[in-house]
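What follows is a set of notes on a single structure, which appears directly below.
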Amino acid sequence: MSLYHSAMYHFDTPAPSCWQAMCAPAKEAPPLREDVQCDVAVIGGGFTGLSAALHLARDHALSVRVLEAGEPGWGASGRNGGFCCLYPSTLSLEQMGQRYGEAATLEFVRSQLQAIELVSELGETEAIDFSPQGDGLYEVAHLPGRLAELRDYARTLGTRFGIPARTIGREEFAATVHDSSEQFGALHVGAGFGLNPLALVRGLARAAARHGAECHGASAVTDWHREGNRHRLRTAHGSVSCRKVIVATNGYTPEPLVPGLAGRTVPVISNIITTRPLSPQELTEQKWHTEMPCSNTRRLLFYYRLLADRRFLFGARGDTTGSPADAARMRAWMTRRLGEVFPAWREVPISHYWRGFVCMTANGTPALGALDAAGSVLYGLAYHGNGVAAAPWTGRLLARLAAGVCTSGDIPLVMRGPAPGIPLASLRLWYLRGALAWFRWQDRR
Numbered sequence: 000m001s002l003y004h005s006a007m008y009h010f011d012t013p014a015p016s017c018w019q020a021m022c023a024p025a026k027e028a029p030p031l032r033e034d035v036q037c038d039v040a041v042i043g044g045g046f047t048g049l050s051a052a053l054h055l056a057r058d059h060a061l062s063v064r065v066l067e068a069g070e071p072g073w074g075a076s077g078r079n080g081g082f083c084c085l086y087p088s089t090l091s092l093e094q095m096g097q098r099y100g101e102a103a104t105l106e107f108v109r110s111q112l113q114a115i116e117l118v119s120e121l122g123e124t125e126a127i128d129f130s131p132q133g134d135g136l137y138e139v140a141h142l143p144g145r146l147a148e149l150r151d152y153a154r155t156l157g158t159r160f161g162i163p164a165r166t167i168g169r170e171e172f173a174a175t176v177h178d179s180s181e182q183f184g185a186l187h188v189g190a191g192f193g194l195n196p197l198a199l200v201r202g203l204a205r206a207a208a209r210h211g212a213e214c215h216g217a218s219a220v221t222d223w224h225r226e227g228n229r230h231r232l233r234t235a236h237g238s239v240s241c242r243k244v245i246v247a248t249n250g251y252t253p254e255p256l257v258p259g260l261a262g263r264t265v266p267v268i269s270n271i272i273t274t275r276p277l278s279p280q281e282l283t284e285q286k287w288h289t290e291m292p293c294s295n296t297r298r299l300l301f302y303y304r305l306l307a308d309r310r311f312l313f314g315a316r317g318d319t320t321g322s323p324a325d326a327a328r329m330r331a332w333m334t335r336r337l338g339e340v341f342p343a344w345r346e347v348p349i350s351h352y353w354r355g356f357v358c359m360t361a362n363g364t365p366a367l368g369a370l371d372a373a374g375s376v377l378y379g380l381a382y383h384g385n386g387v388a389a390a391p392w393t394g395r396l397l398a399r400l401a402a403g404v405c406t407s408g409d410i411p412l413v414m415r416g417p418a419p420g421i422p423l424a425s426l427r428l429w430y431l432r433g434a435l436a437w438f439r440w441q442d443r444r
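Per numbering that gives the first Met the number 0, the sequence shown starts with residue 0, numbered consecutively.
See below:
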């Protein structure tokens, strides 16, 4: 049984995002219609799964089949806001250091800097045009008191991790970056950029196929069992026999199929609206001067950016049912909030609204490892809304684990092993509703 309304799981219908209109058509990924064998089967055709398939085929000469319930990139990978940035955890760096130690925290942050570099590298080596924008990201103080917190964070990034970071006062930020009713200065982090996520995921699919991996859309796995030292994955019209399986399903993980991951993650709905393309005059009226992606200091953050075609993208979280009625309410609420935060654009029409899952855990960190002692079932998931860089990097590490060229000791400690089980997991959405109420209260302070 799914946690959310069935409207969240229409795998035969792509998200009605602006990315669909901005991208070249996808490479055909026909359903699996035969019984086949391969070295590694990958469940999930998003950033993690397609990166794993690409690296398995290209770097390790292994035969790979990707089984995707929708089309490649149907899930979060093809419908997110396109923020290629640090880092896939809800923990602060101080909390991470207290829990895992300074060395493990440094290891994790370095791995995520490598993840950002990997996305750029894949764009170059595999000729993927994902329309990169900006040099770094801004985190905007939404209340006056939050700028001091950003100053502390900037010092931490610079002194402990060597990441360029600086704070900018309200007046300077308004004159050089943007103004808004929730702008009281900001932090610039010199790592990351914006991109078109659907272009990236479709580019990964083409690259994986070019190197010999087979990707099958409309091929949800309906049954999974062992046959000796091999695995048999069945779909509606075919099956795959393989030595190893990589589970790369993130917030759409079918828990009855993968009991080792059941009750360990919380899918959370993220919503996005985009305006029609803005004119130069409209940008000037709001004092908008940047292509750099931005988010703010809310716990229930707003994230936003100006796209390459001059549409304005505005994202937020909040819905806990997934029903069409709540989708309509979220669209109306986000349209109103966009106009309140950016009053010059209050009357600008909204061209697109869509939503999807980010995947979270109770301990606030990603989960990566093996579900069996033999290492024949691998998984990587739970990027906490920051998977554009982390997921392709995780896919590459999963490929190396499957190929036997590295071990679990090569997984950063912060993300090593399964997430803790959630007590009374059937109540996850009730826990989430309580957390969202708490975050809303904190955001007023």
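Glycine included, each C-beta is placed from N, C-alpha and C at the ideal position. All values derive from a computational prediction rather than experimental measurement.
Beta carbon of residue i nearer than 8 Å to that of residue j
i, j, result
"R64", "V239", "yes"
"G191", "I162", "no"
"S269", "G384", "yes"
"A343", "E290", "no"
"H215", "L66", "yes"
"D38", "K286", "no"
"G44", "G72", "yes"
"G321", "A126", "no"
"G193", "P292", "yes"
"C241", "Q36", "yes"
"A198", "D128", "yes"
"D34", "G237", "yes"
"A164", "L142", "no"
"A369", "H59", "no"
Top-ranked residue by Cα proximity to residue i, from the options
i, options, result
"V220", "A206, E254 and H187", "E254"
"T296", "S76, L117, V139 and D34", "V139"
"R229", "T104, F341 and V376", "V376"
"G100", "A23, R443, E181 and R159", "R159"
"H4", "P323, G157, A369 and T334", "P323"
"R432", "V267, L370 and S350", "V267"
"P348", "E281, A381, S130 and T274", "T274"
"T166", "E181, R335, E148 and H9", "E148"
"L299", "G74, A204, R443 and R330", "R443"
"L445", "G368, G394, D409 and N362", "Given that the chain is displayed from residue 0 to residue 444, the structure contains no residue 445 and the question cannot be resolved."
"S76", "L367, V340, F356 and G368", "F356"
"E210", "L370, A52 and G416", "Glu is not the amino acid found at residue 210; the sequence shown has His there. Checking every option, the nearest Cα to that of H210 belongs to A52."
"G135", "Y86, C22 and S278", "Y86"
"G122", "S180, A206, Q182 and G420", "A206"
"T155", "E226, Q94 and G368", "Q94"
"R78", "I421, D34, L92 and C22", "C22"
"M333", "G386, I272, A434 and A366", "I272"
"A153", "L92, I245 and H59", "L92"
"G420", "L435, A173 and G259", "G259"
"I115", "G416, L435, V387 and A173", "V387"
Beta-carbon separation (whole angstroms), residue i vs residue j, contact threshold 8 Å
i, j, result
"F107", "M414", "7 Å"
"L55", "L49", "About 11 Å; that fails the 8 Å criterion."
"R354", "A372", "Between A372 and R354 the Cβ distance is about 39 Å, and since that is not below 8 Å, they are no contact."
"W392", "P196", "Between P196 and W392 the Cβ distance is about 15 Å, and since that is not below 8 Å, they are no contact."
"H351", "P29", "Contact flag wrong, Cβ pair sits at about 28 Å."
"T364", "S88", "5 Å"
"I311", "Y303", "With the sequence shown as reference, residue 311 is identified as Phe, and Ile is not the correct amino acid for it. Indeed they touch by this definition, with Cβ atoms about 7 Å apart."
"R201", "K26", "7 Å"
"A381", "T406", "Going by Cβ atoms, the distance from A381 to T406 rounds to 21 Å, so no, they are not a contact pair."
"A40", "L232", "5 Å"
"V340", "E181", "5 Å"
"H288", "V176", "6 Å"
"L400", "G374", "7 Å"
"G96", "Y251", "Incorrect: roughly 32 Å between the Cβ atoms, too far for contact."
Residue environment, residue i, which counts as buried when at least 16 other CB atoms sit within 10 Å
i, result
"N249", "buried"
"W223", "buried"
"D318", "buried"
"T423", "Residue identity check: residue 423 is Leu in the sequence provided, not Thr. Counting Cβ neighbours within 10 Å, L423 comes out exposed, since fewer than 16 surround it."
"A315", "buried"
"E70", "buried"
"C83", "buried"
"L426", "exposed"
"G394", "buried"
"Q113", "exposed"
"G168", "exposed"
"E281", "buried"
"S278", "exposed"
"P411", "buried"
"Q441", "exposed"
"A204", "buried"
"T124", "exposed"
"G133", "buried"
"A235", "exposed"
Within the stretch 1 to 49, ranges of the alpha helix (DSSP H) (whole runs, at least 4 residues): 17 to 21
Can you list the beta strand (DSSP E) stretches of 3 or more residues lying completely in the stretch 129 to 199, in chain order?
136 to 139, 164 to 167 and 185 to 188
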